[in-house]
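Residue numbers (my numbering), protein chains in the order written: chain V, -2 to 624; chain R, -2 to 624.
We put the beta carbon where it would ideally sit given N, CA and C, even for glycine.
Just so we're clear, the structure is a prediction, and the values are computed from it rather than from any experiment.
Worksheet: the structure to be examined is printed underneath.
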């Protein structure tokens, strides 16, 4: 099964189109400007010898620019914007000029430690930055047909391939990402060497002798030993869990370490499993996925701890201190997408949809210029999105996710068409019989569960249309050309319609979308006695600005209280609010006492907003899980 | 106002007498044996030159023996036990023989660092150990009239008084305790110098230049610098909060640092305020008390953190990790008692009663030979009382508290008699007119709120009888000689009966004792959405052994569910159980899912036991605050 690429998809959706427009008109120019003023772009110009000056910022800052080029490239397809198209070309030009004679491209090492390339793979992110360059090159080529950046990527990939691998040097990325990037590069160019190199990186990771441990014998390590602190245990022994290099992937059973690195590795490994059919990797990934399912937030956030930016243990999911990095949710989307492509099961798309609408989308403000690095599930106030970060991985990551949204909506295997996300717009593809097919969706999703799909094969033809029935949906119905269609959902979570389709056939899907109260597993200590509101794919939360009576932290739902849904087109760029009865205590009941016997719980009207929209009206208190 | 001393009180009480009997028959011999086998007693013999050998154990181990001697002395009065009386005399003898020519008495310094006395007051506990010796000397004298240990105490106190103070050396105890001990010694001997020395220790604490900071200039500090770690801030600056030496007491407004040290200091300062009428100290203590009231557990435990064995910040009262050292609850009892004697307000006795029946009493097992150092308010299992500790402050501390229980029941100021605790037994005292008075109580307290008090002046006489109406009691009634007595509780929380009393007058007090659900201030994060059960002075808790259906951590009380009380004389040495309806979830509802929408909450019968009795039937899960 293959995703139908973003180039074949157009989006015309009440929920997403405004976000993609904002991404193009606000986010991308804002991030280009940030990359400019923080020296990220001029680092390339300096490395190219175009201007004089020292390297500025963090050693992996190149990757932010690469990701932004990738984001802008996708966006050229969906929402081109003349304001920055020339800038993009200029940035690409500068990156290209910074490439060294031998193909090497990394402004930090070129400018700062040119003699120390490839000596500290464990921490200095050369291969990680390379991966982002490859993704940018592929995206720019896909979106525009221009080969300039793709060529740059290939020249660098060739150098890396000539340097590392069996019979050459041992080498691995300390921060993963290059694995999935090489697969993209291989698929785009048809060059098998890139696929083999990715396969090498996936399979040799965690094997003894440890590449990263061996590097430490170098007394003159670029970046210095301090950068390694996360790779050590408390008793100062090298230990690879931080970057998932403690064991070969096929022996790993738990999601550990830095969450983004983990997600990128698992996603790349899933690509390799998809290409090679390697069942050991496939099984390992399924085991890891099952473990992830004990370690993810209801937002689709992963990696609860700021200490390692990553995983801790099963069920340890604190709300206030949740790290849940935006990049980790995006990485989870990458992994989930590839697991779906491997297995064809809707459960993976459920997680993808959760992360997309909640934990990832919360990473960017409604106006497109503020970003969360961390996405907590509760706040005592003071949590605001920032315009940028010193370590700025998240802003361009959310921009490229939004730019590439089209990639996640449809998939195809032979003549089976899979509709995974309900997003207004259309897709064009070709069936094996060479019959071209256009599908279009009209929907108010996620505010409504009604989806109208128009099926337009160029001529009457037979194929299977698989509609994803989301895990949150308990009841649905379907009509074809106005007639009720008897159906049952198959074990993979899809409703399959195998018939002779005629141009203009109309499928009407109705997904029941009640307000649900969700309860976390009792092992999640922070959520004991609490529940959260969810409707469709959207998680809701409460902000104190909407719920001002009494002590916000005592806000409680009432037994079986009904929640009304209320769409407000003016509010938070248009959201469906949940309104119902709750209760709350007043701190004044306690006066100066710590313990009292009969506080009166006041019944109040309470309002919940979608989680992704929180902290867009000041930085007050917020709670997902309420009493 | 003065406490009527334990020597004037006899206890004959269904609740307490068996505990005091166990204290005498099990706890004291057990602890004597522990002191013996851990070398604590032989350290004195070695210091005395009676036997050869090195000092064993921790440098402040003397204090454990002193406290045990104090405990045994009280017990000689209430429950003498021929099994250990001779042992006690022998221990006292050995202690006495270890006293040096000049009065110095500390087996660690005598044996290990004889040249380094008084050089590390900040950490090496010489003055702390001295204080416990003084308390032992006073108690033994009060209980037996024997002056041997009192004389030893005085000789040492004289040495300390000749060494430290105005015009002599600057000196302060790193671990407080000697302040209240010197007051006891002064009151017992009539020697004002001891009172002045206590006053000096209280008032110079926290003044610049810092005694403890100056000590650090010594490169050859006994105990070494490591012992000072708690006295430093993260940036390695000396800072006195750990031992409440950061500011003069009169400028302190928050309970900080090591909780036991704080309690002992505040108790000693209250003694000094009582003796001197110093209003600045009195005001400071009231401010500190008000702050303590934002930092105490519902058990009467203080000091939530194991890191500093002490205070953190207002409302930070985690349940599972609660440190709440047994000694700190005992120290709170000391402080509360003295605050009552200063102010005559029942609120202080409310806190004393809470700590006594809950946070302190939980420190010893029902069989008298197991001890908690920490008293958490929730457990995931595995928390068991130990027979002893390397740092064994708590076991003899609880033994001396129980031994001296009589001291806390009654107080007298001129002809006003105060009944503070409802404990069966009697008290003898003399009124200012030289009329002798005997009061006796009959009660099933704390299982019942009915108390019959027989008033027996030697002849008809007028005085005021003040009965404490506990803070937990919302309704009460009172009868005198069978007739309803109209009364109102005065603002200090006492019901005052001012009348002509005749021999054999009978006062019948009925305190309504319903089962109450208590709610913590919403700022106590761990208790949000939770409540605790309390009846009379007793806090209740749930143990999984009594509540086995479903996932214990999801145990919930139901709205206004009624709880039946059920006295069971066979169970846990006789307790009143609370039985009512609750609800619980089954983990199997979640199968392999982290988040589900409709778990079914099972209605079940639930049983609560008094908190003090937990962990006497294995070490399962426990919760005070339930959903």
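Would you verify that the beta carbon of residue 534 of chain V is, or is not, closer than 8 Å to some beta carbon of chain R?
no
Would you decide whether residue 626 of chain R is buried or exposed? Buried here means 16 or more other CB atoms lie within 10 Å of its CB.
In this structure chain R extends from -2 to 624, so residue 626 of chain R is not present and cannot be described.
Cβ distance (whole Å) where residue 577 of chain R is taken to contact residue 561 of chain R below 8 Å
7 Å
With 8 Å as the C-beta to C-beta threshold (strictly closer), list the residues of the segment 285 to 299 of chain R near chain V in chain order.
287, 290, 291, 293, 295
Thinking C-alpha only, which one of V:344, V:329, V:337, V:380 is nearest residue 355 of chain V?
V:329
Residue 503 of chain V burial status per 10 Å Cβ neighbour count (16 or more: buried)
exposed
With three or more beta-carbon pairs closer than 8 Å as the criterion, would you say the segment 536 to 544 of chain V touches the segment 509 to 517 of chain R?
no
What is the DSSP secondary structure of residue 74 of chain V, counted as helix, strand or coil?
helix
Are the beta-carbon atoms belonging to residue 532 of chain R and residue 574 of chain R less than 8 Å from one another?
no
Nearest-angstrom Cβ-Cβ length linking residue 270 of chain R and residue 169 of chain R, presumed shorter than 8 Å:
Rounded, the Cβ-Cβ distance is 18 Å, inconsistent with contact.
Proximity below 8 Å, CB of residue 273 of chain R to CB of residue 196 of chain R
yes
For the pair the segment 392 to 407 of chain R and the segment 10 to 21 of chain R, tell me if three or more CB-CB distances fall below 8 Å.
yes
Please confirm if residue 422 of chain R has its CB atom under 8 Å from at least one CB of chain B.
The chain labelled as chain B is not found among the protein chains of the depicted structure, namely V and R.
Quick one: what's residue 625 of chain R bridged to in DSSP?
Outside the shown range of chain R (-2 to 624) lies residue 625 of chain R, about which nothing can therefore be said.
Under 8 Å by Cβ, that's how I've got residue 199 of chain V and residue 176 of chain V pegged, so tell me the actual separation to the nearest angstrom.
5 Å
Kindly give me the distance between the Cβ atoms of residue 246 of chain R and residue 278 of chain R, rounded to whole angstroms, as I take these residues to be in contact under 8 Å.
7 Å
Interface flag, residue 75 of chain R vs chain V, CB-CB below 8 Å:
no
Can you check whether the CB of residue 66 of chain R is closer than 8 Å to the CB of residue 133 of chain R?
yes
Where residue 630 of chain R falls: helix, strand or coil (DSSP)
Outside the modelled stretch of chain R, which goes from -2 to 624, sits residue 630 of chain R, for which no answer is possible.
For residue 585 of chain V and residue 310 of chain R, the rounded distance between their alpha carbons:
20 Å
Quickly, what does DSSP pair residue 229 of chain R with across the bridge? List them, please.
R:235
If you count every other CB in all the chains shown that lies within 10 Å of the CB of residue 249 of chain R, and 16 or more means buried, which is it?
buried
Listed from N- to C-terminal order along the chain, which residues in the segment 252 to 272 of chain R have their beta-carbon within a distance smaller than 9 Å of any beta-carbon of chain V?
none
Grab the span of the beta strand (DSSP E) containing residue 136 of chain V for me, first residue to last.
Residue 136 of chain V -> not in any beta strand (DSSP E); alpha helix (DSSP H) instead, spanning 123 to 141.
Proximity below 8 Å, CB of residue 424 of chain V to CB of residue 442 of chain V
no
With which residues is residue 538 of chain V paired in a DSSP beta bridge?
V:606
Between the beta-carbon of residue 9 of chain R and the beta-carbon of residue 422 of chain R, is there less than 8 Å?
yes
Can you tell me which of the three DSSP states residue 405 of chain V falls into?
helix
In chain order, what residues of the same chain have a beta carbon less than 8 Å from the beta carbon of residue 429 of chain R, not counting five sequence neighbours either side?
411, 412
At a Cβ cut of 9 Å, what residues of the segment 452 to 476 of chain V count as close to chain R, listed as they run along the chain?
469, 471
If you reduce the DSSP assignment to three classes, tell me which class residue 60 of chain V lands in.
helix
Within its chain, find whatever has a CB closer than 7 Å to the CB of residue 439 of chain R; leave out the 5 residues flanking it on each side and keep chain order.
421, 449
What are the boundary residues of the alpha helix (DSSP H) that includes residue 148 of chain R?
145 to 160
Any chain V beta carbon closer than 8 Å to residue 304 of chain R
no
Can you list the residues of chain R that residue 525 of chain V reaches, using a CB-CB cut of under 7 Å?
550, 551, 624
Grab the span of the beta strand (DSSP E) containing residue 564 of chain V for me, first residue to last.
560 to 565
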